[in-house]
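In terms of my numbering, the sequence shown has 164 at position 139, counting the first letter as 1, and numbering is strictly consecutive.
Don't be surprised by glycine CBs; every beta carbon is placed ideally from N, CA and C.
Since the structure is predicted, the reported quantities are computational estimates derived from the model, not experimental observations.
The structure under discussion appears below in the form of structure tokens.
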Amino acid sequence: MKILKYILLLILVVVIGLAIYTTMQPGEYEFTKTRIVQAPVEVVFEQVDDYRKWEEWGPWNEDDPTLSITYEERTKGPGSSYTWSSKEGDGKATRVESVPHKSQADELDFGSMGTSTAFWKFEPSEDGTTSVTWGMRASRVPYMMKFFSAISGGYENMMAPMFERGLERLDSLAQVRAKEYAEMANAWSLGEVSVKTGGAQKFVGYAHSSKIDAEAMQKIYMESMPMAGEYALKNGLEYGEFVPGAIFTKWDEEAGETDFMVGIFLNKGKALNAGAGMQSMILPAGNRVTVSKFGNYGTGDDEAHEAVNAYIQDHQLTVNGPIYEMYVNDPTTVQPNEIETDIFYPVK
């Protein structure tokens, strides 16, 4: 009986000691894990941006085969979310921040285990790799979470190995996706060349003169296109009410010079006056020889214009206005070989 009392007393002491130790655990925590992923930042970000892609590299899928995930209608971008159930408990993740190719943050609800914020940072390197940091923080840790932290040697010891394994799996997957991405980046295709009749088209943008040089012209595009889009949004237009594009008023290959405008085409019925440093142009109604090119900007462009010129010659048409292009879809939301550029040659 004395031995039993001593055992019970010892158990009581341990329980009390553990309870005291648990209450002494910090009420907040933050930790991060970083890995150099052997893939470009746009490829890495894509694997994290869409919750559905997490199934391909998420470490918890290895750890718990009972894990069941239910996705909402939206699985990427701020406001997207999913819920999960498993032997360890149920929870919900909600995307609260997403800056393409730079950062992300998710609010996590673990039920009785409290809430926390998971966050990501993506830093590209000149050698084509990406430094990826994945971390978690919480400011109000419930007692049960403190208890598991106490018996695990701290919050980081309890959770960080899962983050390290996730980054390891993300690295492996991103390398495979990078090879696929490189193949798609060089792929392009053309739609059918045809003549279409269209109404007048209003354009607002920035005028430039440049050497016919891909690098110099790309720099101009990168500076002017966002400015034109931001101007439209600030003046009451919404995405979908305008299309990014360019108008070429001069293309002299012998002199190696071009005059062009970079900006936005307004959808029918929409109005926007040119702002400071901008110009507007009305392209008259009429016939246009057109073709859709699918592929990265700069890839297959020459072949697309050659196809249009061949059509014009074959059908004995005459170009009677500036050539223009519309950049139909957002290149950050589609694969490289799906980026659409519509090319138009006004003819008579």
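For residue i, is the classification buried or exposed, using 16 other Cβ atoms within 10 angstroms of its Cβ as the cut-off for buried?
i    : result
V40  : With a pLDDT of only 45 at V40, under 50, the local geometry of the prediction cannot be trusted, and the value read off the model is given with reservation. Answer is exposed; the Cβ neighbour count stays below 16.
I307 : exposed
M351 : buried
G325 : buried
D74  : buried
V68  : buried
R77  : exposed
G191 : buried
Roughly how many angstroms separate the alpha carbons of residue i and residue j, rounded to a whole number?
i    : j    : result
G102 : E80  : 17 Å
E337 : Q243 : The question names Glu, but residue 337 in the sequence shown is Ile. Straight-line Cα distance between these residues: approximately 28 Å.
R202 : K127 : 19 Å
M247 : N321 : 15 Å
T47  : F147 : Model confidence at T47 stands at a pLDDT of 46, short of 50, so the residue's coordinates are unreliable; what they give is reported in the following sentence. Cα-Cα distance, rounded: 35 Å.
G270 : P309 : 16 Å
E87  : A185 : 15 Å
G281 : D327 : 15 Å
S156 : D238 : 32 Å
P356 : G261 : 23 Å
W109 : A199 : 24 Å
W145 : S197 : 18 Å
E71  : V287 : 28 Å
G265 : K259 : 14 Å
S106 : G216 : 37 Å
P251 : L92  : 42 Å
V353 : D367 : 7 Å
Y99  : A143 : Here residue 99 is Arg; the residue named in the question, Tyr, does not match the sequence. Answer to the nearest angstrom: the Cα atoms are 19 Å apart.
E205 : A296 : 42 Å
T283 : G160 : 49 Å
With distances taken between CB atoms, is the gap from residue i to residue j smaller than 8 Å?
i    : j    : result
V124 : D131 : no
K221 : T343 : no
F273 : P347 : yes
S317 : E263 : no
E363 : F319 : yes
T59  : T154 : no
Q226 : F267 : no
A163 : S141 : yes
G139 : G116 : no
V229 : A332 : no
M187 : W82  : no
What is the DSSP secondary structure of residue i, counted as helix, strand or coil?
i    : result
E151 : coil
L342 : coil
W213 : strand
N321 : coil
P186 : helix
S164 : coil
Q304 : strand
G191 : helix
A332 : helix
D355 : coil
K58  : strand
I337 : helix
Given 7 Å as the limit, tell me if residue i has its C-beta closer than that to any heavy atom belonging to the ligand ZN.
i    : result
N292 : As far as ligands go, the structure on display features none, and thus does not contain the ligand ZN.
Note down, one range per segment and in chain order, each beta strand (DSSP E) of at least 3 residues found wholly within the region 215-299.
-> 219-223, 226-236, 267-277, 282-291
Starting from the N-terminal side, write out each stretch of the beta strand (DSSP E) that is 3 residues or longer and does not extend beyond the region 92-133.
-> 93-96, 106-111, 114-124
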